[in-house]
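**Student:**
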Amino acid sequence: MIEDPFSLSPNPATLFITPGLKSALHKIRYTIHKRQGLTCILGDVGMGKSSVVRLLYGDFLAREDYRTAFIPNPSFKSDFAFLQGLCGELDVPLRKSYFKQENELKDYLAEQYSNKVNVVIFVDEAQKLDQKMLESIRSMLNFETNTAKLIQFVLAGQLELRDRLKEERNKAIDSRVFAYSLLDPLSFSEMKRMIVHRCEQAEMPLPFPEEVMEAIYEMTKGIPREILKLCAQAYETSTNLMGEKSVTMEAFEIVREDIVRV
Ligand SMILES: Nc1ncnc2c1ncn2[C@@H]1O[C@H](COP(=O)(O)OP(=O)(O)O)[C@@H](O)[C@H]1O
Ligand SMILES: [Mg+2]
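Numbered by the working numbering, the letters in the sequence shown go through residues 6 to 267 in order.
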């Protein structure tokens with residue numbers, strides 16, 4: 006059971022898999038499985054990128070034929086620090102120069118490949134990768150056989166990541182992106198099913214009547230994190246402040262006015 010139905014943490018167990026998410030997950034798993042190198046998950050803040058990355062990371066972590074590393078925030082001082090951070094996650098011995106470190110990684114990847122182990126690196130907040138780090142990913146994607154990449158990258162980032170990759174100077178890496186997945190806002194019916202799903206997980210009755218659902222959707226435009234914040238506040242105001250069992254329009258209005266004022 007999940008304690009807090011409206012928690013904002015990127016817990017993959019609370020994800021409601023919409024058709025859009027299902028197809029994104031399929032595309033990413035396929036890219037990894039087929040060793041096609043690079044795939045990107047893009048979306049505005051609050052759209053579910055971190056949750057999706059954690060879901061995939063958890064899946065592959067549990068498998069013996071995969072070796073995975075998860076970099077939640079690539080705010081490294083330099084491309085060398087980035088490479089070392091990544092090698093450290095994979096237990097690759099650390100070396101004193103970029104060149105030696107890259108060679109060490111290359112040997113490691115060749116060995117994993119011969120053992121039929123696929124190496125996958127998940128990077129969240131990938132819009133923070135600087136130019137040199139993008140270059141170093143491009144260079145790692147050159148480790149390959151005739152048919153397969155020795156290392157796979159899944160980059161999750163805000164839309165500015167796509168804009169960066171579409172710049173002329175990043176043509177080489179952009180052309181290596183096997184698939185982009187863009188996370189869209191939820192439709193009204195998806196939002197309702199997502200809220201029902203989360204209430205079920207918390208084993209509580211659905212506290213939002215239809216008119217409140219409509220008001221929540223209008224205000225949040227289907228962005229999951231905004232939906233959950235509003236749900237949490239409206240629920241809290243109704244139950245704890247007003248002593249109601251379900252969320253009234255009156256409670257919703259109080260919350261809305263608070264939000265609109267700032
Ligand atoms: N499809 C979904 N079903 C349920 N909760 C979701 C869904 N998409 C996003 N969320 C929730 O919204 C919040 C924000 O998601 P997060 O993954 O942190 O977004 P991002 O990394 O894109 O900013 C999290 O609490 C997450 O669990
Ligand atoms: Mg995130």
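Don't be surprised by glycine CBs; every beta carbon is placed ideally from N, CA and C.
Along the chain, where does the alpha helix (DSSP H) containing Thr19 start, and where does it finish?
**Tutor:** By 1-based counting over the sequence shown, the position of residue 19 is 14. First-last for Thr19: undefined, no H or E at that position.
**Student:** Measuring only from the beta carbon, is Ala256 closer than 8 Å to any heavy atom that is part of ligand 2?
**Tutor:** As a first step, residue 256 must be located in the sequence shown, where it is residue number 251. Flag unset: Cβ of Ala256 not near ligand 2.
**Student:** Are Gly53 and Leu26 closer than 9 Å when you measure CB to CB?
**Tutor:** Indexing the sequence shown from 1 puts residue 53 at position 48. Indexing the sequence shown from 1 puts residue 26 at position 21. Yes, the pair counts as a contact, with Cβ atoms nearer than the cut-off.
**Student:** Compute every distance between the C-beta of Lys54 and the non-hydrogen atoms of ligand 2, then say whether any falls below 8 Å.
**Tutor:** On the sequence shown, position 49 is the one that residue 54 refers to. Checking every heavy atom of ligand 2 against the Cβ of Lys54, one is found closer than 8 Å.
**Student:** In angstroms with no decimal places, state the Cα-to-Cα distance between Asn333 and Glu255.
**Tutor:** Residue 333 is absent from the model: the chain starts at 6 and stops at 267.
**Student:** Please work out which residues of its chain come closer than 6 Å, Cβ to Cβ, to Ser55, disregarding the five sequence neighbours upstream and downstream, and give them in chain order.
**Tutor:** Translated into the one-based positions of the sequence shown, residue 55 becomes position 50. Here the set comprises Pro15, Asp129.
**Student:** Can you check whether the CB of Phe87 is closer than 9 Å to the CB of Pro77?
**Tutor:** Position 72 of the sequence shown holds residue 77. Position 82 of the sequence shown holds residue 87. No. Outside cutoff.
**Student:** Using three-state DSSP, classify Gly162 as helix, strand or coil.
**Tutor:** Locating residue 162 in the sequence shown gives position 157, counting from the first residue. Three-state result, Gly162: strand.
**Student:** Are the CB atoms of Ser186 and Ile33 nearer to each other than 9 Å?
**Tutor:** As a working note, residue 186 is residue 181 in the sequence shown. As a working note, residue 33 is residue 28 in the sequence shown. Their beta carbons are under 9 Å apart, which means Ser186 touches Ile33 by this criterion.
**Student:** Nearest-angstrom Cα distance between Leu20 and Met199?
**Tutor:** Indexing the sequence shown from 1 puts residue 20 at position 15. Indexing the sequence shown from 1 puts residue 199 at position 194. Using only the alpha carbons, I get a separation of about 8 Å.
**Student:** Taking the C-alpha atoms as reference points, what is the distance between Leu30 and Leu166?
**Tutor:** To locate residue 30, count along the sequence shown from 1; it is residue 25. To locate residue 166, count along the sequence shown from 1; it is residue 161. Their backbone Cα atoms lie some 19 Å apart in a straight line.
**Student:** Alpha carbon to alpha carbon, what distance is there between Leu47 and Leu188?
**Tutor:** Counted from its first residue, the sequence shown places residue 188 at position 183. Counted from its first residue, the sequence shown places residue 47 at position 42. Looking at the two C-alpha atoms, the distance is approximately 6 Å.
**Student:** With a CB to CB cut of under 7 Å and the five nearest residues on each side skipped, what residues in its chain are close to Ala115?
**Tutor:** The residue you call residue 115 lines up with position 110 of the sequence shown. Here the set comprises Leu155.
**Student:** CA-CA distance, Arg40 and Phe158?
**Tutor:** Numbered from 1 along the sequence shown, position 35 holds the residue referred to as residue 40. Numbered from 1 along the sequence shown, position 153 holds the residue referred to as residue 158. Spanning the two alpha carbons is a distance of roughly 10 Å.
**Student:** Which word fits Ile228, buried or exposed, when buried means at least 16 other C-beta atoms lie within 10 angstroms of its C-beta?
**Tutor:** Position 223 of the sequence shown, counting from 1, holds the residue named residue 228. So Ile228 ends up on the buried side.
**Student:** With contact counted as at least three CB pairs below 8 Å, one residue from each stretch, are the segment 172–185 and the segment 204–222 in contact?
**Tutor:** Taking 8 Å as the limit for Cβ pairs, the verdict is that the segment 204–222 does not touch the segment 172–185.
**Student:** Is Pro190 near ligand 2, in the sense that its beta carbon is under 8 Å from a heavy atom of that ligand?
**Tutor:** Locating residue 190 in the sequence shown gives position 185, where the first residue counts as 1. No, since every heavy atom of ligand 2 falls outside the 8 Å radius drawn around the Cβ of Pro190.
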